[in-house]
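> Its first residue numbered 61, the sequence shown is counted upward by one per residue in the working numbering.
Ideal Cβ positions, reconstructed from N, Cα and C, are used throughout, including at glycine.
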Amino acid sequence: MQNIIYFSYLTAFLSYAAAFALRLLDLRRAEHRVGLLALVASAACLTLLTVSSGNLPVFESFESFLLSAFALGLLGLFRAGPENRIPDTRTWVWLEILILMSITLFCAKSPSPAVYDHNDLFIVLFHGLRIITLSVMLFSSALFIHARVERKRGAPANGTFHKGRNFLVLGAVLFLAAEYVGIIWSQNGWGDFWHWNAGFFQSTLIVLYLMLVFHVPGKNHRAEGIRSLLGCMSGFFVLGMILIRSML
61 MQNIIYFSYL
71 TAFLSYAAAF
81 ALRLLDLRRA
91 EHRVGLLALV
101 ASAACLTLLT
111 VSSGNLPVFE
121 SFESFLLSAF
131 ALGLLGLFRA
141 GPENRIPDTR
151 TWVWLEILIL
161 MSITLFCAKS
171 PSPAVYDHND
181 LFIVLFHGLR
191 IITLSVMLFS
201 SALFIHARVE
211 RKRGAPANGT
221 FHKGRNFLVL
231 GAVLFLAAEY
241 VGIIWSQNGW
251 GDFWHWNAGF
261 FQSTLIVLYL
271 MLVFHVPGKN
281 HRAEGIRSLL
291 GCMSGFFVLG
301 MILIRSML
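(1) In three-state terms, what does DSSP make of Gly291?
(2) Quick one: give me the first and last residue of the alpha helix (DSSP H) that His206 is part of.
(3) By the three-class DSSP mapping on this structure, what secondary structure does Met61 have?
(4) Does Phe261 come out as helix, strand or coil in the three-state DSSP assignment?
(5) As a quick exercise: from Met301, Gly224, Gly285, Asn179, pick the residue whose alpha carbon is nearest that of Phe260.
(6) Our contact map puts Phe186 next to Trp250 with C-beta atoms below 8 Å; I'd like the distance itself, whole angstroms only.
(7) Please say whether Val94 and Ala72 have beta carbons closer to each other than 7 Å?
(8) Counting C-beta neighbours from all protein chains within 10 Å, is the total for Phe119 16 or more, i.e. buried, or is it exposed?
(9) Along the chain, where does the alpha helix (DSSP H) containing Ala23 start, and where does it finish?
(10) Within the chosen definition, does the segment 130-139 reach the segment 191-205 through at least 3 CB pairs nearer than 8 Å?
(11) Just how far apart, CA to CA, sit Asp86 and Ile146?
(12) If you check the beta carbons only, do Leu286 and Val276 fall under 7 Å apart?
(13) If you follow the alpha helix (DSSP H) that His178 is part of, which residue opens it and which one closes it?
(14) Given Thr220, which residues of its chain have a CB within under 6 Å of its CB, disregarding the five upstream and five downstream residues?
(15) Any idea what DSSP makes of Phe221, helix, strand or coil?
(16) Note down the Cα distance separating Phe138 from Tyr76, rounded to an integer number of angstroms.
(17) For the alpha helix (DSSP H) containing Gly114, name the first residue and the last one.
(18) Which residue from Thr107, Gly291, Asn218 puts its Cα closest to that of Val229?
(19) Using DSSP with H/G/I as helix, E/B as strand and the rest coil, what is Glu47?
(20) Count the other CB atoms within 10 Å of the CB of Met271; is the residue buried (16 or more) or exposed (fewer)?
(21) Look up Leu87 in the DSSP assignment and say whether it is helix, strand or coil.
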């Protein structure tokens, strides 16, 4: 089983890299097919991890980043609209996926051990929602990056900017939902909904960052530029917080 997991993982990694290269070459039909292959290989690897452990792949770094890359790939293939010039939104999505997959290179390629109570719905939801939040935030960042590139080219990018903001709002809602079920988990497990530690501090930083993004005042060009820059960084900020938390 372990060899099959590794093979499907390697197939997914190489397919994501090939899709990125084909996008840069503007070979869109081939890129779409290879992207689908990457998603199928990722889904196969996630399924094998689930079957091996008997738990959803949302806990350890390897499976969670692989799942996040899979969700981000779905968004890139099916929610990034047709765009004429390269680099476009999907180009940045493939690059973000390669960053996630590169992180998995340093993780043990095996199912998660029984560290958590995998039968507790609130624990599963907490970890699962945070993974999907990361995917949505990174997709939002890709949209903001593309909007900034288009503006530098002199092309209107209001539609892409607003789409990026909408996905950022969705990511914020998912993150807050994860924190809410985390409060219930904490209440059930330790008798209190708040324990001031590194994990809670990092969650607070993410909330403060999102408040900053959504409350930049002004409607002029400078304010829009600050909002779009913070939007570009949002997914990577959340990724950084998750990486720091996983190392503690």
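Per the coordinate set shown:
(1) helix
(2) 181-212
(3) coil
(4) helix
(5) Met301
(6) Actually they are not in contact, since the Cβ atoms of Phe186 and Trp250 sit about 14 Å apart, beyond 8 Å.
(7) no
(8) buried
(9) Examination of residue 23 is not possible in this model, given that the chain is present from 61 through 308 alone.
(10) yes
(11) 7 Å
(12) According to the sequence shown, residue 286 is Ile rather than Leu. Cβ atoms of Ile286 and Val276: closer than 7 Å.
(13) Segment: none, His178 is in no alpha helix (DSSP H) and carries neither H nor E.
(14) Leu203, His206, Ala207
(15) helix
(16) 15 Å
(17) Note, Gly114: premise wrong, no alpha helix (DSSP H); not H, not E.
(18) Gly291
(19) The structure shown does not extend to residue 47, since the chain spans only 61 to 308, so no value can be given for it.
(20) exposed
(21) coil
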